[in-house]
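**Student:** Take a look at the following structure, please.
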Amino acid sequence: MPFNGEKQCVGEDQPSDSDSSRFSESMASLGDYECSRQSFTSDSSSKSSSPASTSPPRVVTFDEVMAATRNLSNLTLAHEIAVNENFQLKQEALPENSLAGRVKHIVHQAFWDVLDSELNADPPEFEHAIKLFEEIREILLSFLTPGGNRLRNQICEVLDTDLIRQQAEHSAVDIQGLANYVISTMGKLCAPVRDNDIRELKATGNIVEVLRQIFHVLDLMKMDMANFTIMSLRPHLQRQLVQYERTKFQEILEETPRKAEVAGAS
Numbered sequence: 001m002p003f004n005g006e007k008q009c010v011g012e013d014q015p016s017d018s019d020s021s022r023f024s025e026s027m028a029s030l031g032d033y034e035c036s037r038q039s040f041t042s043d044s045s046s047k048s049s050s051p052a053s054t055s056p057p058r059v060v061t062f063d064e065v066m067a068a069t070r071n072l073s074n075l076t077l078a079h080e081i082a083v084n085e086n087f088q089l090k091q092e093a094l095p096e097n098s099l100a101g102r103v104k105h106i107v108h109q110a111f112w113d114v115l116d117s118e119l120n121a122d123p124p125e126f127e128h129a130i131k132l133f134e135e136i137r138e139i140l141l142s143f144l145t146p147g148g149n150r151l152r153n154q155i156c157e158v159l160d161t162d163l164i165r166q167q168a169e170h171s172a173v174d175i176q177g178l179a180n181y182v183i184s185t186m187g188k189l190c191a192p193v194r195d196n197d198i199r200e201l202k203a204t205g206n207i208v209e210v211l212r213q214i215f216h217v218l219d220l221m222k223m224d225m226a227n228f229t230i231m232s233l234r235p236h237l238q239r240q241l242v243q244y245e246r247t248k249f250q251e252i253l254e255e256t257p258r259k260a261e262v263a264g265a266s
């Protein structure tokens, strides 16, 4: 969904020791954007090297700088997860009185207002609602473990967007029924701490508000899943922390530029 408003997955295999290393890599890389290859070149006339040095300054690519930064972030994050039993990821909400917070609220409200007008039109417009169910389907599938084939097939069958579109064309689509199925499935996948959120969803009568709150609870469930994974990996990370830190520190030494100048620095 373009706007966000979040029983863990059952049957998940216990992670292997190697998973913890990969996990720390991936967690530190969350939020990294894709960087095009660039290079910081140096002009030998801008800053002179040591009189005894005859080698030109080394060219350092942007990717090398980012790799060294990521390794340092990975090392810090892995250490924090291993030694801090209370470490958890948390959602950071924008302050309501901030400009960014007000803009976010206005844009989100506009989206849901448009959806409400579409569903209450004569005849109703279902395309945006169908796209929301498509996104909900992918989020639900992301919570499943490889062994959850029965539930996976059921989700794909009930939230088949092509079928829903065909039903919409004949005014036979049941948006409330689809939402009820989603809420029921969320109840099977969520952590116990979300049971009250699920009860509140079931008690919500307005379909637009139901869809809005579904995305909010799904976001909470994503965070629950991430924190559950951290808790599961912590013992494995603790067992190999020393070796991991030694390896990462060596990578940092190898990737940190020792002799480079940035073009334009004067």
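Residue numbers (UniProt numbering): 1 to 266. Positions of the beta carbon are idealized from the N, C-alpha and C atoms, including for glycine.
#1: Taking a contact to mean a Cβ-Cβ separation below 7 Å, would you say LEU163 touches ILE183 in this structure?
#2: In whole angstroms, what is the alpha-carbon distance linking SER39 and PRO146?
#3: Taking C-alpha atoms, which residue in SER98, ILE198, SER171 and ALA179 lies nearest to ALA121?
#4: Span of the alpha helix (DSSP H) holding GLU135?
#5: State the CB to CB distance for the pair ALA179 and LEU211, rounded to an integer number of angstroms; the pair is presumed to be in contact (CB under 8 Å).
#6: Quick check: what's the CA-CA separation for GLY177 versus ARG234?
#7: Run the CB neighbour count on LYS90, radius 10 Å, all protein chains shown included, and call it buried at 16 or more, exposed below.
#8: Which of the three DSSP states is assigned to LYS104 in this structure?
#9: In three-state DSSP terms, what is GLN240?
#10: Where does ARG165 land, buried or exposed, given buried means 16+ other C-beta within 10 angstroms?
#11: Measuring only the C-alpha atoms, how far is GLN250 from LYS131?
#12: Going by DSSP, what residue range makes up the alpha helix (DSSP H) through CYS190?
#13: Should ILE136 be labelled buried (16 or more other beta-carbon atoms within 10 Å of its own) or exposed?
#14: CA-CA distance, SER157 and GLN240?
#15: Count the other CB atoms within 10 Å of the CB of residue 280; is the residue buried (16 or more) or exposed (fewer)?
**Tutor:** In short:
#1: no
#2: Note that SER39 has pLDDT 37, beneath the 50 cutoff, so the model's placement of it is unreliable and the number below is only indicative. Rounded to the nearest angstrom, the two C-alpha atoms are 42 Å apart.
#3: SER171
#4: 127-142
#5: 6 Å
#6: 40 Å
#7: exposed
#8: helix
#9: coil
#10: exposed
#11: 47 Å
#12: That residue, CYS190, is in no alpha helix (DSSP H); it is neither H nor E in DSSP.
#13: buried
#14: Reading off the sequence shown, one finds Glu at residue 157, where the question assumed Ser. C-alpha separation (whole angstroms): 43 Å.
#15: Examination of residue 280 is not possible in this model, given that the chain is present from 1 through 266 alone.
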